[in-house]
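Taking it in order: structure first as structure tokens, then the write-up.
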Ligand code: BYC
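In the UniProt record's numbering, the protein residues as written are 1 to 329.
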């Protein structure tokens, strides 16, 4: 077929099939734009809400070293959220609207952050398992078809690898410690294993978005493919730590060169996604409180920007940086 005869949609798919990146000003089908806004904004919300379960342990980290590492990690998550909100904005989404949807309980964020962090070993599990799952999901997103999302992911993944290593190191320290510490690590793994498998989303045949997102190369692997990769990656790590994965059906399958594993409790998954998890209410309330308590900061920043605009000063020049502007003794 001649290029002239192709519809805009077909030309778009051709570019996708040729692995060309789609950039914000390029033509794209409305449904592609909508899917991306949905996924990127949910991803951004997950990063921001994901700060809460770990933030819970900053004041109680067992040493100064652990506290400063955790603090840095939680700050990284805030940065990831900001890159992602910016990527969604390039598609025409308004940040105020995205946040309003989160605060109204309309927007989704990852189910995993609706589980409580009850012990220090939970912080190990969040880093080891949750960030491990995040990396598996996000490394392919560095090759996603929409340019700003792919570029944001490159930076996010670099930081996530450090997060995962710190989680594994917490687990290793506990597993090599006193029997009580090892028991704490095992107890945390028992609680986090199944919710982590849920992070990859519903089974492929029950996932309404996967087929089209694969066709548009927004997703590079299906939910089930990534879940399988995760189990195959994590089981040897759990064995190395001397921990038992809480799944009686777990078994090496020689034919598929991967593990067979038990069925996720999908009823629990949908309960959590639909707002009925252990911490949904607290997580949302914490975000609403932070938004309301931060109102004065936003107002002050706007007033400051407005004053500079009136004086026709460039907004980006922040503070008295030149010598002449510094207060004289
Ligand atoms: N939790 O058709 P499906 C992190 C929803 S950040 C809640 O398969 P899709 C980290 C799904 O949105 C982790 N909802 O959808 C941060 C859809 O609902 P809508 C976040 C879920 O989009 C800080 C419906 O179920 N990572 O790791 O093709 C510290 C049907 O699903 C979940 C990302 O966001 C869930 N687990 O595939 C530490 C990565 N799963 O919108 C760590 C980017 C599914 O139709 N996102 N739903 O109403 C993705 O890769 C994909 O969006 C998903 C879902 C694989 C998550």
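We put the CB at the ideal spot given by N, CA and C, even for glycine. Since the structure is predicted, the reported quantities are computational estimates derived from the model, not experimental observations.
(request) For the segment 181–197 and the segment 240–248, state whether three or more C-beta atom pairs, one from each stretch, are separated by less than 8 angstroms. (result) yes
(message) Below 7 angstroms, is the gap between the Cβ of residue 281 and the nearest heavy atom of the ligand BYC?
(response) For the purposes of this step, residue 281 is identified with residue 281 of the chain shown, where counting begins at 1. Outside the cutoff, so no.
(message) Closer than 8 angstroms is the cut-off here; do at least three beta carbon pairs connect the segment 93–109 with the segment 32–48?
(response) In the pairwise beta carbon analysis, the segment 93–109 is classified as touching the segment 32–48: at least three pairs are separated by under 8 angstroms.
(request) Please work out which residues of its chain come closer than 8 angstroms, Cβ to Cβ, to residue 135, disregarding the five sequence neighbours upstream and downstream, and give them in chain order. (result) Counted from its first residue, the chain shown places residue 135 at position 135. Excluding positions up to five away in sequence, the list reads 157, 160, 161, 164.
(message) I believe residue 270 touches residue 32 by the beta-carbon criterion, under 8 angstroms. Please report the beta-carbon distance rounded to the nearest angstrom.
(response) Residue numbering aside, residue 270 sits at position 270 when the chain shown is read from its first letter. Residue numbering aside, residue 32 sits at position 32 when the chain shown is read from its first letter. About 26 angstroms separates the two Cβ atoms, so there is no contact after all.
(message) Going by DSSP in three states, residue 56 sits in which element: helix, strand or coil?
(response) Taking the first residue of the chain shown as position 1, residue 56 is located at position 56. Coil.
(request) Pair every Cβ in the segment 49–68 with every Cβ in the segment 12–22, then say whether three or more of these pairs are closer than 8 angstroms. (result) no
(message) Taking the beta strand (DSSP E) that residue 310 belongs to, which residues open and close that run?
(response) For the purposes of this step, residue 310 is identified with residue 310 of the chain shown, where counting begins at 1. Residue 310 -> not in any beta strand (DSSP E); alpha helix (DSSP H) instead, spanning 295–310.
(request) Give the secondary structure of residue 20 by DSSP, where H, G and I count as helix, E and B as strand, and everything else as coil. (result) Position 20 of the chain shown holds residue 20. Coil.
(request) On a CA-only basis, which of 147, 23, 104, 127 is nearest residue 50? Give me that one, please. (result) Looking up residue 50 in the chain shown gives position 50. Looking at the Cα atoms, 127 is the closest of the given residues.
(message) For the pair the segment 69–77 and the segment 136–154, tell me if three or more CB-CB distances fall below 8 angstroms.
(response) no
(request) Note down the Cα distance separating residue 213 from residue 25, rounded to an integer number of angstroms. (result) As a working note, residue 213 is residue 213 in the chain shown. As a working note, residue 25 is residue 25 in the chain shown. Going by the C-alpha atoms only, they are around 20 angstroms apart.
(message) So the candidates are 278, 260, 96, 261; which of them puts its Cα closest to the Cα of residue 268?
(response) Locating residue 268 in the chain shown gives position 268, where the first residue counts as 1. Of 278, 260, 96, 261, the residue nearest in Cα terms is 278.
(message) So, with DSSP's three-state summary, where would you put residue 192?
(response) As a working note, residue 192 is residue 192 in the chain shown. Here residue 192 sits in helix by DSSP.
(message) Spatial neighbours of residue 36 within its chain, please: C-beta separation below 8 angstroms, excluding the five flanking residues on both sides.
(response) Translated into the one-based positions of the chain shown, residue 36 becomes position 36. Closer than 8 angstroms at Cβ, skipping near neighbours: 88, 91, 146, 149, 218.
(request) Please go through the same chain and pick out, in chain order, the residues whose beta-carbon is closer than 8 angstroms to the beta-carbon of residue 22, but skip the five residues on each side of it. (result) For the purposes of this step, residue 22 is identified with residue 22 of the chain shown, where counting begins at 1. Cβ neighbours of residue 22 beyond the five flanking positions: 12, 15, 16, 28, 32, 145, 146, 147.
(message) Could you compute how far the alpha carbon of residue 116 sits from the alpha carbon of residue 290?
(response) As a first step, residue 116 is located in the chain shown; it is residue number 116 there, counting from the start. As a first step, residue 290 is located in the chain shown; it is residue number 290 there, counting from the start. Straight-line Cα distance between these residues: approximately 19 angstroms.
(message) Threshold first: 4 residues or longer. Then list the alpha helix (DSSP H) segments lying entirely within the segment 145–201, N to C.
(response) 147–175, 179–198
(message) Here's the rule I'm using: 16 or more other beta-carbon atoms within 10 Å means buried, otherwise exposed. How should residue 320 be labelled?
(response) Position 320 of the chain shown holds residue 320. Note that residue 320 scores 49 on pLDDT, short of 50, meaning its location in the model is unreliable; the coordinates nonetheless yield the value given after this. Residue 320 comes out exposed.
(message) Here's the rule: buried if 16 or more other CB atoms are within 10 angstroms of the residue's CB, otherwise exposed. What is residue 233?
(response) Locating residue 233 in the chain shown gives position 233, where the first residue counts as 1. Exposed, since its Cβ has fewer than 16 Cβ neighbours within 10 Å.
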